[in-house]
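Q:
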Amino acid sequence: MTVWEKLRPYGMVAPAIIIFSLFFIYPIFYMIYLSMFDWNFVSPTKTFVGIQNFKDLLTEPDFRQVLSNTTIYTLLTVTLTTGIALLLALWLNRKSFFHGFVQGAIFSPHIISLVSISLLWSWLMDPEYGLLNWVIGLAGFGKLEWLSHPSTSLISLVMVAVWKGLGYNALVFIAGLQSIPSDIYEAASLDRSKPWTTFTKLILPMLSPTIFFLVIINMIGSFQVFETIAIMTQGGPINSTNTLVYYIYEYGFRFFKIGYASAAGVILLVIVGILTMIYFKLLSNRVHYR
Amino acid sequence: MAKIELKNISKKFKDDTVIEDLNLTIKDGSFTVLVGPSGCGKSTTLRMVAGLEKQSGGEIWIDDKCVNDTPPGLRDVAMVFQNYALYPTMTVRGNIEFGLKNRGVARQERDKLVKDISEIVGLTPHLDKKPQNLSGGQRQRVALARAMVKKPKVFILDEPLSNLDAKLRNQMRTELIQLHKRLGTTFVYVTHDQVEAMSMGDEIVVMNKGVIQQADSPMKLYHDPANLFTAEFIGTPAMNMMKMGDVQGLDIQSAAGIGHVGFRPEQALVNASADIEGYAIEGDILTRESLGAENIYQIQARTGVFFVKTFLAPLVAADRVKVTIPYDQLYYFGLGGERLRGIVASPKRLVAAGGI
Amino acid sequence: MVKLLKAVNNTIGGTPIGAAAEDKRTSTRSKQAILRKALRAALRVINVVGLLALVLIFAMPFIWMLSTSLKTLPETMIFPPEWIPRNPVWQNYADAWNTGPFLNYFVNSVVIAVGILILQMLTIIPASYAFARYKFKGSNFLFGIVMVTLMIPAQLIFLPVYLELSAFKLLNTHLGLILPFASSAFGIFLLRQAFMQISDELLEAARLDQAAEWKIIVKIMVPMVKPVLVTFALFSFIAHWNDYFWPLVMTTNETARTLPLGIAKIREVEGVATWNVLMAGNLILVAPILVVFFLSQRQIIKAFVYNGVK
Chain A
6 MTVWEKLRPY
16 GMVAPAIIIF
26 SLFFIYPIFY
36 MIYLSMFDWN
46 FVSPTKTFVG
56 IQNFKDLLTE
66 PDFRQVLSNT
76 TIYTLLTVTL
86 TTGIALLLAL
96 WLNRKSFFHG
106 FVQGAIFSPH
116 IISLVSISLL
126 WSWLMDPEYG
136 LLNWVIGLAG
146 FGKLEWLSHP
156 STSLISLVMV
166 AVWKGLGYNA
176 LVFIAGLQSI
186 PSDIYEAASL
196 DRSKPWTTFT
206 KLILPMLSPT
216 IFFLVIINMI
226 GSFQVFETIA
236 IMTQGGPINS
246 TNTLVYYIYE
256 YGFRFFKIGY
266 ASAAGVILLV
276 IVGILTMIYF
286 KLLSNRVHYR
Chain B
72 MAKIELKNIS
82 KKFKDDTVIE
92 DLNLTIKDGS
102 FTVLVGPSGC
112 GKSTTLRMVA
122 GLEKQSGGEI
132 WIDDKCVNDT
142 PPGLRDVAMV
152 FQNYALYPTM
162 TVRGNIEFGL
172 KNRGVARQER
182 DKLVKDISEI
192 VGLTPHLDKK
202 PQNLSGGQRQ
212 RVALARAMVK
222 KPKVFILDEP
232 LSNLDAKLRN
242 QMRTELIQLH
252 KRLGTTFVYV
262 THDQVEAMSM
272 GDEIVVMNKG
282 VIQQADSPMK
292 LYHDPANLFT
302 AEFIGTPAMN
312 MMKMGDVQGL
322 DIQSAAGIGH
332 VGFRPEQALV
342 NASADIEGYA
352 IEGDILTRES
362 LGAENIYQIQ
372 ARTGVFFVKT
382 FLAPLVAADR
392 VKVTIPYDQL
402 YYFGLGGERL
412 RGIVASPKRL
422 VAAGGI
Chain C
170 MVKLLKAVNN
180 TIGGTPIGAA
190 AEDKRTSTRS
200 KQAILRKALR
210 AALRVINVVG
220 LLALVLIFAM
230 PFIWMLSTSL
240 KTLPETMIFP
250 PEWIPRNPVW
260 QNYADAWNTG
270 PFLNYFVNSV
280 VIAVGILILQ
290 MLTIIPASYA
300 FARYKFKGSN
310 FLFGIVMVTL
320 MIPAQLIFLP
330 VYLELSAFKL
340 LNTHLGLILP
350 FASSAFGIFL
360 LRQAFMQISD
370 ELLEAARLDQ
380 AAEWKIIVKI
390 MVPMVKPVLV
400 TFALFSFIAH
410 WNDYFWPLVM
420 TTNETARTLP
430 LGIAKIREVE
440 GVATWNVLMA
450 GNLILVAPIL
460 VVFFLSQRQI
470 IKAFVYNGVK
């Protein structure tokens, strides 16, 4: 082996590794470092405060509200998206032109900018002239305030997230369903298995890797929800839709409390880290049946 | 054209020794077949000749040049792979001329060579197709053409027929034999199928566990196996083996310890007349396979199960038969599996009188 | 095997176990058959109606967007709403376009999305090839960096990256928006899988054909993973074309801002209530993507669903 042959692989991975180290790995450590300082971004000196930022965060009622908002938002979004998507997948898993068209239609929001979706739904949810109030009016309900009232604002955001994510989730499920060999169904029907039994004993366990994948992906995505909140509610009304990333953004870029915002970032990092670990742990524990 | 010499070759994968101290000379212009069960090191040997695998010790000579440090592309060796390894992104023409391009062969000459070779293997109408659009046999031909067009000194084929169906395999077998005659190049061929080895090679190297068991012509291998392994490996059905301890009624004059006695299924006679001098076994017929010209019986005797093959004889209907093996058709093997030659056997008087 | 099972199934179906009992009820049988047929037809109708309703849930908001974008301001304030505008107001589109330097936004969007894509291709192809095909010291550690990057969403570390870019004087520049995404862990992950699946025989054949290593990569390996590359390119382009967060955070003025930011800004410029202009602007942003989507739907769906199924 010549020297060049020995060095070649390093040369080939170097550009990518440099980018990752510079813009992903180093920032993580930098953020952890910053979380232990009091700094307003403009002042030349940073004051070391240890874990004071974390103490402040956890005693701050606003932050508790943010944590609870984020958790409720995530739990609702993930359960609804994954659950409805699974039902849709079972329904739509057929190969015809029409079914293909329906699949395409429900998938379309996934490739559209969150900006567009946020603006569109702000208009649909307009309390005075919005289309949604008209639709629920047809069903006999009175007008709702949607985003403008603290009691409905968070659930309205969940609705938008479910609407956007449903198609993608359903299509991943369909891909999962299609990867199950069809002779298993045939064998089950020869064994006179009832549809419900086939579903719970065969399909669901065989889909479990897909379910875990989607639950984790949706969770990680939901924990860092930002666009819809920045455009539709700005965290309001009365902090009812303020979530972690938006909170970090506000403290960092509006109030210039860099250390404090970084500490919140570290907490988010820990949450996402734990979720990822759980995912890989479950993967290695073979929730697969392959 | 070239002679290949392997001198004291050894190969280790991490701590596993696959081949130890292997010496082999492959004659110039021969059709040499390396054969053995899977994992016997035959493919590794072949790949070391091609330079795709580096030997852990020893020397490889092609013609009178040591090629230990020559990269595979410069060894003047061409190879046909088991799965053909055609470049799926190139046309048939692209596949065939890729090696020529890399050698800097001029365009005009390249075109001529590709044209000639595709006529030989019958690919002319398919030159602009992608390999995915060809049948198995056609892909095989592309792989051959790609190897041949470089006019290599040595042609290496690694189980090239194993992906073809039985009929096509037979056809390609004859084509390869003809090709070898026509080119006169040294062919080194690897297979695990002893029938393929026997029908194609003019020199056969039987390998087991990284050791060469016997290197000989097909007929020598069949009639004069050097050891137990070769005897059992060559021939269908395989040579019947009896443990010496189970054999009764045989008087053997030998100083060496005998481990096994064997005979070929096609040498045994069913219900032979009494005047044939031989070792007789009685047994029950378990199964009969009638293939038309030949019949194969599976027989349960006191010494174990063995096979008998008869030619152009009516199928035996009886359940219990006497099988006679002429004395000169018995093979003797020592306790270590080595062949013992020159042993003369005769019936034990006493037992013959009393019956078995 | 499947055929065999089917054959067995057929014979069982032909002589059901309760066949004798059923023969006695031949008269009720025809009635049942009619009922069953009716039920099946009803189910089919319900199915089709359900599918149409589903399409409606996803299509209606877009139709509503189009309708609003052609209305006058007073028309948007009619309740119950009207679907078809009396006189289509195309002026809304011009108004939307004129709320900011839209040509500038558009150029920025293209430069950034294409720039990212080109750099990603240049960095992920060699890296994934090396990870898939070479054994080298430290490769596990280096691939660990890739995996960590894959797991950490960019949204999480924007604050330190902002400070970093500001230290490099890269805020408000195209480069500042491109550089953090000049490589993609997801892309390396996908492409590495693809390279690993290529059989060793092919490489060996190429080596016997005396091809140099770079030639093997460029002429044989890369063409073989082209479908994966196309998939990834679609994924990357759409993601960065749509991105709002990153350009929002990393810019403080108009020089490098992109279309999504421009559209979001209409609301601030025009005031909350001008939904007609807002929807016109929104349509400018959405229409190209939707057109591309319906033209190459299959390919795009594959690109996005790919990472779920692997």
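Chains as they are written, first to last, in the working numbering: chain A, 6 to 295; chain B, 72 to 427; chain C, 170 to 479.
We treat Cβ as the ideally placed atom computed from N, Cα and C, and that holds for glycine.
(1) Is Ala218 (chain B) helix, strand or coil by DSSP?
(2) If contact means a Cβ-Cβ distance below 7 Å, which residues of the stretch 160-193 of chain B contact chain F?
(3) Among all the DSSP beta bridges, which residues are the ones paired with Thr262 (chain B)?
(4) Would you kindly work out how many angstroms separate the C-alpha atoms of Glu190 (chain B) and Val225 (chain B), rounded to a whole number?
(5) Does Met234 (chain C) come out as helix, strand or coil in the three-state DSSP assignment?
(6) Does DSSP put Glu133 (chain A) in a helix, in a strand, or in coil?
(7) Name the DSSP beta bridge partners of Met224 (chain A), please?
(8) Inspect the beta-carbon positions of Gln369 (chain B) and Leu386 (chain B) and report whether they are closer than 8 Å.
(9) To the nearest angstrom, how far is the alpha carbon of Met237 (chain A) from that of Pro186 (chain A)?
(10) Hey, how far is the Cα of Ile133 (chain B) from the Cα of Glu76 (chain B)?
(11) Please classify Glu360 (chain B) as buried or exposed, where buried requires at least 16 other C-beta atoms within 10 Å of its C-beta.
(12) Any idea what DSSP makes of Trp48 (chain A), helix, strand or coil?
(13) Could you work out which residue in A:Glu65, A:Thr75, A:Met36 is closest to Val230 (chain A) when comparing CA atoms only?
(14) How big is the Cα-Cα spacing for Ile227 (chain B) and Val151 (chain B)?
(15) Using the Cα positions of Cys111 (chain B) and Ile275 (chain B), report the straight-line distance between them to the nearest angstrom.
(16) Give every residue of the same chain whose Cβ lies closer than 6 Å to the Cβ of Arg146 (chain B), excluding the five residues on either side of it in the sequence, and list them in chain order.
(17) Which of the three DSSP states, helix, strand or coil, is assigned to Glu348 (chain B)?
(18) At the level of alpha carbons, what is the spacing between Arg295 (chain A) and Leu209 (chain A)?
(19) Residues of chain A with a CB under 7 Å from the CB of Tyr413 (chain C): which are they?
(20) In this structure, how does DSSP classify Thr395 (chain B) when only helix, strand and coil are distinguished?
(21) Does any residue of chain C bring its CB to less than 8 Å from the CB of Met119 (chain B)?
(22) Where does Ser417 (chain B) fall in DSSP's three states?
(23) Quick one, which residues of the stretch 244-271 of chain C are near chain A if we go by CB-CB under 8 Å, in chain order?
(24) Going by other Cβ atoms of all chains shown within 10 Å of its Cβ, with 16 needed for buried, is Tyr38 (chain A) buried or exposed?
(25) If you reduce the DSSP assignment to three classes, tell me which class Tyr403 (chain B) lands in.
(26) For Val165 (chain A), which residues from the same chain have a beta carbon less than 8 Å from its beta carbon, with the 5 sequence-adjacent residues on both sides left out?
(27) Tell me where the beta strand (DSSP E) around Glu91 (chain B) begins and ends.
(28) Please determine if the stretch 314-331 of chain C and the stretch 264-283 of chain C are in contact, where contact requires at least 3 C-beta pairs separated by less than 8 Å.
(29) What is the rounded straight-line gap between the Cα of Gln289 (chain C) and the Cα of Ile141 (chain A)?
(30) Who are Ile370 (chain B)'s beta bridge partners in DSSP?
(31) CB Gln265 (chain B) to CB Ile305 (chain B), shorter than 8 Å?
(32) Taking the alpha-carbon positions, what's the Phe68 (chain A) to Ala235 (chain A) distance?
(33) At which residues does the alpha helix (DSSP H) containing Asn139 (chain B) begin and terminate?
(34) Relative to the alpha-carbon of Trp259 (chain C), which residue among C:Ile453, C:Leu464, C:Gln466, C:Lys471 has its alpha-carbon at the smallest distance?
(35) From B:Glu365, B:Ile367, B:Leu239, B:Val376, pick the residue whose C-alpha is nearest to that of Ile352 (chain B); which is it?
(36) Flag Arg291 (chain A) as yes if its beta-carbon sits less than 8 Å from any beta-carbon of chain C, otherwise no.
A: To lay it out plainly:
(1) As a first step, residue 218 (chain B) must be located in the second sequence, where it is residue number 147. Residue state, collapsed to three classes: helix.
(2) In the displayed structure, chain F is absent; the protein chains listed are A, B and C.
(3) Position 191 of the second sequence, counting from 1, holds the residue named residue 262 (chain B). Bridge partners of Thr262 (chain B): B:Val106.
(4) By 1-based counting over the second sequence, the position of residue 190 (chain B) is 119. By 1-based counting over the second sequence, the position of residue 225 (chain B) is 154. Going from the Cα of Glu190 (chain B) to the Cα of Val225 (chain B) covers about 22 Å.
(5) Counted from its first residue, the third sequence places residue 234 (chain C) at position 65. DSSP places Met234 (chain C) within a helical segment (H, G or I) once states are collapsed to three.
(6) What you label residue 133 (chain A) is simply residue 128 of the first sequence in a count that begins at 1. Three-state DSSP puts Glu133 (chain A) in coil, outside helix and strand.
(7) The count along the first sequence starts at 1 and reaches residue 224 (chain A) at position 219. In DSSP, Met224 (chain A) forms no bridge with anything.
(8) Here residue 369 (chain B) refers to the residue found at position 298 of the second sequence. Here residue 386 (chain B) refers to the residue found at position 315 of the second sequence. Cβ atoms of Gln369 (chain B) and Leu386 (chain B): not closer than 8 Å.
(9) For this step, residue 237 (chain A) is matched to residue 232 along the first sequence. For this step, residue 186 (chain A) is matched to residue 181 along the first sequence. When rounded, the distance between both Cα atoms is 44 Å.
(10) In the second sequence, the residue the question calls residue 133 (chain B) occupies position 62. In the second sequence, the residue the question calls residue 76 (chain B) occupies position 5. Their Cα atoms are separated by approximately 6 Å.
(11) Stepping through the second sequence from its first residue, residue 360 (chain B) is reached at position 289. Exposed.
(12) Sequence index remark: in the first sequence, residue 48 (chain A) carries index 43 (1-based). The sequence given here has Ser at residue 48 (chain A), not Trp. Reduced to three states, the DSSP call for Ser48 (chain A) is coil.
(13) Walking along the first sequence from the start, residue 230 (chain A) turns up at place 225. Closest option to Val230 (chain A), judged by alpha-carbon separation, among A:Glu65, A:Thr75, A:Met36: A:Thr75.
(14) Numbered from its first residue, the second sequence carries residue 227 (chain B) at position 156. Numbered from its first residue, the second sequence carries residue 151 (chain B) at position 80. Straight-line Cα distance between these residues: approximately 6 Å.
(15) By 1-based counting over the second sequence, the position of residue 111 (chain B) is 40. By 1-based counting over the second sequence, the position of residue 275 (chain B) is 204. Those two C-alpha atoms are separated by around 15 Å.
(16) In the second sequence, counting from the first residue as 1, residue 146 (chain B) sits at position 75. Apart from the 5 residues on each side of it in sequence, Arg146 (chain B) sits with its Cβ closer than 6 Å to the Cβ of Gly122, Val138 in its chain, given in chain order.
(17) Residue numbering aside, residue 348 (chain B) sits at position 277 when the second sequence is read from its first letter. DSSP places Glu348 (chain B) in coil when its eight states are reduced to three.
(18) Indexing the first sequence from 1 puts residue 295 (chain A) at position 290. Indexing the first sequence from 1 puts residue 209 (chain A) at position 204. Low local confidence applies: a pLDDT of 37 at Arg295 (chain A) is under 50, so the model's placement there is unreliable, with the coordinate-based value given in what follows. Straight-line Cα distance between these residues: approximately 13 Å.
(19) Start at 1 with the first residue of the third sequence, and residue 413 (chain C) comes out as number 244. Under the 7 Å cutoff, chain A gives Ser118, Leu119, Val120, Glu232.
(20) Your numbering for residue 395 (chain B) matches position 324 in the second sequence. It is a strand residue.
(21) Locating residue 119 (chain B) in the second sequence gives position 48, counting from the first residue. No, its Cβ sits nowhere closer than 8 Å to a Cβ of chain C.
(22) The residue you call residue 417 (chain B) lines up with position 346 of the second sequence. Ser417 (chain B) sits in a strand when the DSSP states are folded into three classes.
(23) Thr245, Met246, Ile247, Phe248, Pro249, Pro250
(24) For the purposes of this step, residue 38 (chain A) is identified with residue 33 of the first sequence, where counting begins at 1. Exposed is the call here.
(25) For the purposes of this step, residue 403 (chain B) is taken as the residue at position 332 of the second sequence. In this structure, Tyr403 (chain B) counts as strand in the three-state DSSP scheme.
(26) Against the first sequence, residue 165 (chain A) aligns to sequence position 160. Taken in chain order, the residues that qualify are Ile122, Ser123, Trp126, Thr233, Met237.
(27) Within the second sequence, residue 91 (chain B) is the residue found at index 20, counting from 1. Per DSSP, Glu91 (chain B) belongs to the beta strand (DSSP E) from 87-97.
(28) no
(29) Here residue 289 (chain C) corresponds to residue number 120 of the third sequence, with the count starting at 1. Here residue 141 (chain A) corresponds to residue number 136 of the first sequence, with the count starting at 1. Cα to Cα, the separation comes out at about 47 Å.
(30) Translated into the one-based positions of the second sequence, residue 370 (chain B) becomes position 299. Note: Ile370 (chain B) sits in a beta bridge opposite B:Ile356, B:Phe377.
(31) As a first step, residue 265 (chain B) must be located in the second sequence, where it is residue number 194. As a first step, residue 305 (chain B) must be located in the second sequence, where it is residue number 234. Against a cut-off of 8 Å, the Cβ pair of Ile305 (chain B) and Gln265 (chain B) comes out as a contact.
(32) Working through the first sequence from its first residue, we reach residue 68 (chain A) at position 63. Working through the first sequence from its first residue, we reach residue 235 (chain A) at position 230. Distance between the alpha carbons of Phe68 (chain A) and Ala235 (chain A): 17 Å.
(33) Translated into the one-based positions of the second sequence, residue 139 (chain B) becomes position 68. Element bounds for Asn139 (chain B): n/a, residue is neither H nor E.
(34) Translated into positions along the third sequence, residue 259 (chain C) becomes position 90. Residue C:Ile453 is the option with its Cα nearest to Trp259 (chain C).
(35) Taking the second sequence and counting its residues from 1, the one referred to as residue 352 (chain B) is at position 281. Nearest option by C-alpha distance: B:Val376.
(36) Taking the first residue of the first sequence as 1, we reach residue 291 (chain A) at position 286. The predicted model places Arg291 (chain A) with a pLDDT of 49, which falls under 50 and marks its position as unreliable, so this point remains unresolved.
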